[in-house]
Amino acid sequence: MSRLTDDIHEAVARVLQAHGAGLLSRAVLVIEVLGEHDGQLGLYVEASPADMPLWDRAGMIRYADMDLASRITADRLTTGDEVEEEDE
Numbered sequence: 109m110s111r112l113t114d115d116i117h118e119a120v121a122r123v124l125q126a127h128g129a130g131l132l133s134r135a136v137l138v139i140e141v142l143g144e145h146d147g148q149l150g151l152y153v154e155a156s157p158a159d160m161p162l163w164d165r166a167g168m169i170r171y172a173d174m175d176l177a178s179r180i181t182a183d184r185l186t187t188g189d190e191v192e193e194e195d196e
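No gaps in the numbering here: position 86 of the sequence shown is 194 in the numbering used here, and each next residue is one more.
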């Protein structure tokens, strides 16, 4: 693992334990970063452990995406909110 990945893994593990969420097994981090000097937006994607296969990383991201989509759908069903469609 890179030093940055080690540090992030350690920090997240401490926070999870402090909040009673259990032990951190593995993680895929997707972070939007802003360049300090040029202000450009960038995407930082890192996995912990660093040797996690790419297909496993993609699977975790897809699982998280489906979880978020289901929460959005459930919220819309309970609140009655609908996405307004634009006229073509």
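For every residue, glycine included, the Cβ atom is placed at its ideal position computed from N, Cα and C.
Contact annotation: the region 155-167 touches the region 121-140, with at least three C-beta pairs closer than 8 angstroms. For leucine 137, the enclosing beta strand (DSSP E) covers residues 135-142.
Per DSSP, the beta-bridge partners of valine 153 are Val138.
By the C-beta density criterion, histidine 145 is exposed, having fewer than 16 other C-beta atoms within 10 angstroms. Distance from the CA of serine 178 to the CA of arginine 165, rounded to the nearest whole angstrom, comes to 20 angstroms.
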